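Heads up: the structure comes next, in structure tokens.
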Amino acid sequence: MESLGLKVGLEPTAVTFSTLINGLCIEGKIHQAVRLFDQMVEIYYLLCYKLT
Numbered sequence: 300m301e302s303l304g305l306k307v308g309l310e311p312t313a314v315t316f317s318t319l320i321n322g323l324c325i326e327g328k329i330h331q332a333v334r335l336f337d338q339m340v341e342i343y344y345l346l347c348y349k350l351t
């Protein structure tokens with residue numbers, strides 16, 4: 300996620316993370332989803348109160 304943002308000069312939003320986390324959960328990749336959520340909070344200081 301970080302390298303993608305650095306390449307184009309953009310930072311992900313809570314909506315970006317929510318969409319990616321939702322997709323990972325649908326695919327059954329729960330551990331990756333949790334890791335991504337942790338990155339969202341730790342690196343980007345974003346909070347998301349509802350993931351759909």
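For the sequence shown, the numbering used here gives the first residue as 300, with consecutive numbering after it.
C-beta atoms are modelled at their ideal positions from N, C-alpha and C, and glycine is treated no differently.
Owing to the predicted nature of the structure, the values given are computational and were not obtained by experimental measurement.
Nearest-angstrom Cβ-Cβ length linking residue i and residue j, presumed shorter than 8 angstroms
i      : j      : result
Leu319 : Leu335 : 6 angstroms
Ala332 : Leu323 : 4 angstroms
Tyr343 : Pro311 : 7 angstroms
Threshold first: 3 residues or longer. Then list the beta strand (DSSP E) segments lying entirely within the stretch 312-344, N to C. Annotation: the stretch 312-344 contains no complete segment of the beta strand (DSSP E) (minimum length 3 residues).
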